[in-house]
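Everything in the sequence shown is counted per our numbering, starting at 10 for the first residue and increasing by one. Notes follow once the structure below has been shown.
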Amino acid sequence: DGGFDPEWVARSVFTVLAMRVSDGEIEDVKHLLPEKLRYLWPET
């Protein structure tokens, strides 16, 4: 165990992406994610 919560890590990565990537690209990325992971994306 690396001591990291996988959900926290995923949410953190998605938050950074949301701050750095254009809205159109974000929509593309979100649609590439499996549905089970999309809920982790931060609300805009």
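Think of the CB as a built atom: it goes at the ideal place given N, C-alpha and C, for glycine as much as any other residue.
Start-to-end residues for the alpha helix (DSSP H) that takes in residue i
i: Leu46; result: 44-47
i: Phe23; result: 15-29
i: Gly33; result: 32-41
Own chain partners of residue i with C-beta closer than 6 Å, once the 5 adjacent residues on each side are dropped
i: Arg20; result: Leu49
Cβ neighbours of residue i in the same chain (closer than 7 Å, five flanking residues each side left out)
i: Lys39; result: Arg47, Trp50
8 Å Cβ shell around residue i - same chain, five flanking residues per side excluded
i: Ala27; result: Ile35, Trp50, Pro51, Thr53
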